[in-house]
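Asker: Anchor point for the sequence shown: position 418 equals 429 in our numbering, and the numbering is continuous, going up by one each time.
Backbone N, C-alpha and C define an ideal beta-carbon position, used for all residues, glycine too.
Quick one: the structure is below, and I'll ask about it shortly.
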Amino acid sequence: WRRRLSTRLRGGTCRCSPVARAACRHRSSCPSSSSRLPPFLRSAGGGRSAAGSMRALVDFGGGVDVRHGGRLLSDLVDSSLFLSLAPRVDVYCPFLKRTRVSAPFIPQGWKKWENQSIKVCSIDSLTDECLFEILKRLGGKNERSIAACVSKRWLMLLSSIPSSEVPPPAPKLSVSSKQQKKFLPDLNETADDEDDEQEEEIFLLVDDDNCPSRCLEGTEATDTRLVAMAVGTGSQGGVGELMVRGSRLVTDVGVGAVARNSPSLKVLSMWNTPDITDEALSQIANCCPLLEKLDLYKCPLISDKGITAIAMKCPGLSSLTIQSCQKIGDEGLQAIGHFCLNLKSISIVDSMLVGDCGVAGLVSSASSSLQKIKLQRLAITDMSLAVIGHYGKAITDLIFANLPNVGEKGFWVMGSARGLLKLKSFTIASCGVTDVGLEAVAKGCPMLKQLCLQRCHLSDAGMKKFAAAAAGSLEILQLEECNCITLCGIVGVLLSCKAKVRSLTLVRCMGIRDVSSFPASLPSCLALRLLSIRHCPGFGNSSLALIGKLCRRLQHLNLCELSGVTDAALIPLFQGCESGLLKVSLGGCVNVTDAAVSVLAKRHGATFQTLNLEGCRKVTDESLSAIADCCVMLKDLDVSRTAITDDGVTALTCAIGSNLKILSLSGCSNISARTLLHLSNVCHSLLGLNLQQCNLVSSHDIASFQKKMWQCDIVA
12 WRRRLSTRLR GGTCRCSPVA RAACRHRSSC PSSSSRLPPF LRSAGGGRSA
62 AGSMRALVDF GGGVDVRHGG RLLSDLVDSS LFLSLAPRVD VYCPFLKRTR
112 VSAPFIPQGW KKWENQSIKV CSIDSLTDEC LFEILKRLGG KNERSIAACV
162 SKRWLMLLSS IPSSEVPPPA PKLSVSSKQQ KKFLPDLNET ADDEDDEQEE
212 EIFLLVDDDN CPSRCLEGTE ATDTRLVAMA VGTGSQGGVG ELMVRGSRLV
262 TDVGVGAVAR NSPSLKVLSM WNTPDITDEA LSQIANCCPL LEKLDLYKCP
312 LISDKGITAI AMKCPGLSSL TIQSCQKIGD EGLQAIGHFC LNLKSISIVD
362 SMLVGDCGVA GLVSSASSSL QKIKLQRLAI TDMSLAVIGH YGKAITDLIF
412 ANLPNVGEKG FWVMGSARGL LKLKSFTIAS CGVTDVGLEA VAKGCPMLKQ
462 LCLQRCHLSD AGMKKFAAAA AGSLEILQLE ECNCITLCGI VGVLLSCKAK
512 VRSLTLVRCM GIRDVSSFPA SLPSCLALRL LSIRHCPGFG NSSLALIGKL
562 CRRLQHLNLC ELSGVTDAAL IPLFQGCESG LLKVSLGGCV NVTDAAVSVL
612 AKRHGATFQT LNLEGCRKVT DESLSAIADC CVMLKDLDVS RTAITDDGVT
662 ALTCAIGSNL KILSLSGCSN ISARTLLHLS NVCHSLLGLN LQQCNLVSSH
712 DIASFQKKMW QCDIVA
């Protein structure tokens with residue numbers, strides 16, 4: 012080392028090691044040059060005499076002010092840093108008192124220079140094509156699930172692999188084969204893996220019809236979740252039913268992943284998904300040939316192209332619902348009618364591009380199988396009704412709603428064509444049907460059992476003619492907002508169809524008024540079992556008395572929001588019913604009192620199971636006492652917004668609490684926590700309790716009741 016140091020001290024150039032030269036680069040001088048010698052070396056001859064320099068270096072004891080030259084170290088404070096560099100620059104220093112060094116000094120740029128020679132090898136550096144080929148060879152359920160959890164990139168690549176390209180799982184070995192093969196236990200195999208293997212064995216015995224169903228709504232519906240679901244269920248044949256509702260986060264990517272991994276998909280429902288396009292339906296059509304039901308609602312980007320793809324690739328489609336999809340028109344419906352010969356139900360709502368050509372192509376091509384048709388808010392005309400009346404030989408249910416371009420001529424032609432021989436249910440709402448058209452429909456549909464008319468301009472004469480033509484088949488009649496029909500027309504229908512009609516519903520029919528007089532003796536409608544009159548303000552005691560004489564065998568009675576009905580009409584009606592009432596609803600009848608309820612309980616208490624007294628403000632604890640004494644079969648009771656108290660509820664529950672399932676006390680201001688305490692002790696079978704607007708019941712009382720009655724659903 013002496014020879015080396017003396018050699019470096021003789022010259023004026025930098026003879027440092029490569030690392031030291033990198034540290035002293037761009038300097039005017041080097042620590043090893045003679046021009047920047049320490050003071051104790053300069054005093055020994057300035058580097059000209061090697062012997063003198065060495066003598067001074069050996070004799071130096073550390074008392075002189077030593078400054079390690081250069082820009083790196085400027086004073087004694089930096090001496091520790093210089094010592095940390097000493098092994099790198101090959102400079103000798105005698106042992107000095109050193110300061111504690113917490114970290115070595117690394118000049119700027121050294122770390123980057125050193126890391127350039129280190130290259131991290133990762134599987135992420137592979138291209139998508141290479142990684143796709145690797146992941147495609149994962150055949151086991153566990154392997155694919157574990158790989159999907161690595162990263163989102165792996166998840167997306169796994170979802171892009173069609174189920175047909177996934178290798179089948181290895182054949183299961185018998186117990187004896189496993190024992191012969193496994194001489195030593197596999198430490199990598201856990202109990203969970205064995206359970207998964209057993210699940211796979213069980214799944215092999217499950218039929219394809221038992222594929223799971225999934226429903227994603229709102230923020231839960233995203234592409235990532237759909238992709239994960241597709242990969243997770245891919246080894247089991249995918250999902251059998253998928254419903255996506257109300258999400259802007261679902262695109263063609265998520266639906267395409269489900270399509271590729273769910274060849275057994277049979278039901279697809281997409282509601283309010285504005286980013287779904289024809290590409291998603293094309294992937295469904297290519298990968299899911301077993302699709303049977305398609306439901307589209309508010310999908311503005313789906314057009315005839317996507318519907319045509321479904322029609323061509325999914326011949327087993329049996330149900331199609333299209334609502335508020337403004338780009339779907341006649342071309343898509345014609346393709347459905349041409350290719351989907353098994354189509355049984357179709358519903359088209361609020362699609363203004365659908366016209367007569369689409370309906371004609373749909374009905375005329377699939378006439379052998381189409382059974383249910385719903386057309387609402389469309390631009391079709393009488394021509395569509397004529398085609399339906401001629402080709403709809405298998406149609407059983409028909410709904411026309413809000414068709415402004417349809418009139419009397421269309422209904423007359425449809426009925427006169429005599430093609431709707433199997434029609435059983437017919438609903439007409441806000442269409443141009445008249446008395447003539449309705450009579451023609453009754454004559455052309457000999458099996459018509461149910462008729463629902465909403466906002467139709469029909470008269471009493473038209474209803475009588477219709478009833479005369481349909482007397483042999485009509486069983487259910489519902490009139491809603493038919494303001495031109497009076498009580499005389501209703502009675503005429505009941506008398507004409509007295510042998511068959513079993514249900515009559517009147518809703519918001521403003522033309523019904525009380526009659527001043529009626530015949531003393533009237534024939535009874537022995538078949539009528541259900542009578543529902545709601546929101547008809549002109550219906551009063553006289554009207555109810557007339558209907559009561561005709562209806563002697565009622566089982567379901569629904570009188571809601573009839574302020575003109577009092578006990579004077581209800582009591583004779585209850586007493587005149589020969590068969591026992593099962594369900595009675597008097598909600599909103601503000602003039603009903605305890606007298607009518609007591610007669611009802613005593614006359615029919617042994618049979619009826621449901622009673623609704625909501626809004627009957629004159630009903631008190633006396634009614635509950637009568638119900639407690641007679642109504643042993645009561646399961647559902649609604650006494651919301653009545654004048655009952657804790658005493659009435661206590662008497663009721665003591666008598667029939669063991670059978671009571673649902674109890675509504677909403678708006679009862681006199682109900683307190685005492686009622687809850689008694690219910691928890693007696694009504695062990697209670698499943699539903701409504702306590703809304705019960706101001707005397709606190710949240711603490713409800714929580715205590717919930718702990719005891721955990722099976723009861725509470726609305727508060």
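Measure the CB-CB distance between residue 359 and residue 333 and report whether it falls below 8 Å.
Answerer: Yes.
Asker: How many Å lie between residue 591 and residue 265 at the Cα?
Answerer: Cα-Cα distance, rounded: 56 Å.
Asker: Taking only runs that begin and end inside the segment 216 to 287, name each unbroken beta strand (DSSP E) of 3 or more residues, in chain order.
Answerer: The segment 216 to 287 contains these whole beta strand (DSSP E) runs: 224 to 228, 252 to 256, 278 to 282.
Asker: For residue 231 and residue 169, I'd like the C-alpha separation in whole angstroms.
Answerer: Straight-line Cα distance between these residues: approximately 21 Å.
Asker: Which residues does DSSP pair with residue 724 in a beta bridge?
Answerer: DSSP output for residue 724 lists 699 as bridge partner(s).
Asker: With residue 474 and residue 448 assumed to form a contact (beta carbons below 8 Å), what rounded beta-carbon distance in angstroms separates them?
Answerer: No, residue 474 and residue 448 are not in contact; Cβ-Cβ is about 13 Å, not under 8 Å.
Asker: Count the other C-beta atoms from every protein chain shown that fall within 10 angstroms of the C-beta of residue 145, then say buried if there are 16 or more, exposed otherwise.
Answerer: The residue is exposed, with fewer than 16 neighbouring Cβ atoms inside 10 Å.
Asker: Alpha carbon to alpha carbon, how far is residue 480 from residue 454?
Answerer: If I take the Cα positions, the gap works out to 6 Å.
Asker: Is residue 232 near the ligand SAM, going by C-beta to nearest heavy atom under 7 Å?
Answerer: Ligands in the displayed structure: none, and consequently the ligand SAM is not present.
Asker: At which residues does the alpha helix (DSSP H) containing residue 685 begin and terminate?
Answerer: Taken as a continuous stretch (DSSP letters only), the alpha helix (DSSP H) holding residue 685 covers 684 to 693.
Asker: Could you compute how far the alpha carbon of residue 581 sits from the alpha carbon of residue 565?
Answerer: Taking the straight line joining both Cα atoms gives about 13 Å.
Asker: Based on DSSP bridge pairs, tell me the residues matched to residue 491.
Answerer: According to DSSP, which records beta bridges pairwise, residue 491 is partnered with 465, 518.
Asker: Mark residue 2 as exposed unless 16 or more other C-beta atoms lie within 10 angstroms of its C-beta, in which case mark it buried.
Answerer: Absent from the model: residue 2. The displayed extent of the chain is 12 to 727, so no value can be given.
Asker: Which residue wins for smallest C-alpha separation from residue 244, given the options 514, 520, 275, 228?
Answerer: The candidate whose alpha carbon is nearest that of residue 244 is 275.
Asker: Grouping DSSP H, G and I as helix and E and B as strand, with all else coil, what is residue 141?
Answerer: DSSP places residue 141 in helix when its eight states are reduced to three.
Asker: What do you get for residue 814, buried or exposed, if any count of 16 or more other CB atoms within 10 angstroms of its CB means buried?
Answerer: Any question about residue 814 goes unanswered here, given that the chain covers just 12 to 727.
Asker: Could you spell out where the alpha helix (DSSP H) holding residue 371 opens and where it closes?
Answerer: 367 to 376 is the span of the alpha helix (DSSP H), which, as asked, contains residue 371.
Asker: Please state whether DSSP places residue 361 in a helix, a strand or coil.
Answerer: Residue 361 falls in the coil class under three-state DSSP.
Asker: Excluding the 5 residues preceding and the 5 following residue 727 in the sequence, name in chain order all residues of the same chain whose CB lies nearer than 7 Å to its CB.
Answerer: Hits under 7 Å: 702, 703, 713.
Asker: Between the segment 657 to 664 and the segment 590 to 606, are three or more C-beta pairs nearer than 8 Å?
Answerer: The answer is no - the segment 590 to 606 does not touch the segment 657 to 664, with fewer than three Cβ pairs under 8 Å.
Asker: Looking at the secondary structure, which residues open and close the alpha helix (DSSP H) in which residue 424 lies?
Answerer: Unbroken alpha helix (DSSP H) run through residue 424: 419 to 427.
Asker: One question on the structure: do residue 674 and residue 648 come within less than 8 Å of each other, judged by their Cβ atoms?
Answerer: Cβ atoms of residue 674 and residue 648: closer than 8 Å.
Asker: If you follow the beta strand (DSSP E) that residue 383 is part of, which residue opens it and which one closes it?
Answerer: Residue 383 -> beta strand (DSSP E) spans 383 to 387.
Asker: CB-CB under 8 Å to residue 457, same chain, minus the five flanking residues each way: which ones, in chain order?
Answerer: The residues are 432, 483, 484.
Asker: Taking Cβ to Cβ, would you say residue 279 is nearer than 8 Å to residue 261?
Answerer: Against a cut-off of 8 Å, the Cβ pair of residue 261 and residue 279 comes out as no contact.
Asker: Against chain C, with Cβ distances strictly below 8 Å, would residue 433 count as a contact?
Answerer: Looking at the structure shown, chain C is missing, and only one protein chain is on hand.
Asker: Do residue 370 and residue 398 have their CB atoms nearer than 8 Å?
Answerer: Yes.
Asker: Answer yes or no: do residue 700 and residue 723 have a C-beta to C-beta separation smaller than 8 Å?
Answerer: In contact: residue 700 and residue 723 (Cβ atoms closer than 8 Å).
Asker: Please name the residue or residues paired with residue 307 in a DSSP beta bridge.
Answerer: In DSSP, residue 307 forms a bridge with 281, 333.
Asker: Using the C-alpha atoms, what's the distance from residue 328 back to residue 342?
Answerer: Roughly 17 Å between the two C-alpha positions.
Asker: Checking 8 Å against the spacing of the C-beta atoms, do residue 525 and residue 554 come in under that value?
Answerer: Yes, the pair counts as a contact, with Cβ atoms nearer than the cut-off.
Asker: Would you please state the rounded distance, in angstroms, between the beta carbons of residue 540 and residue 513? I believe it to be under 8 Å.
Answerer: Contact flag correct, Cβ pair sits at about 5 Å.
Asker: In whole angstroms, what is the alpha-carbon distance linking residue 629 and residue 653?
Answerer: Approximately 7 Å, taken between the alpha carbons.
Asker: Which of the three DSSP states is assigned to residue 550 in this structure?
Answerer: Looking at residue 550 - three-state DSSP - the assignment turns out to be coil, as it is neither helix nor strand.
Asker: May I ask you to report which of helix, strand or coil DSSP gives residue 618?
Answerer: Coil, per DSSP.
Asker: DSSP three-state label for residue 613, please.
Answerer: It is helical.
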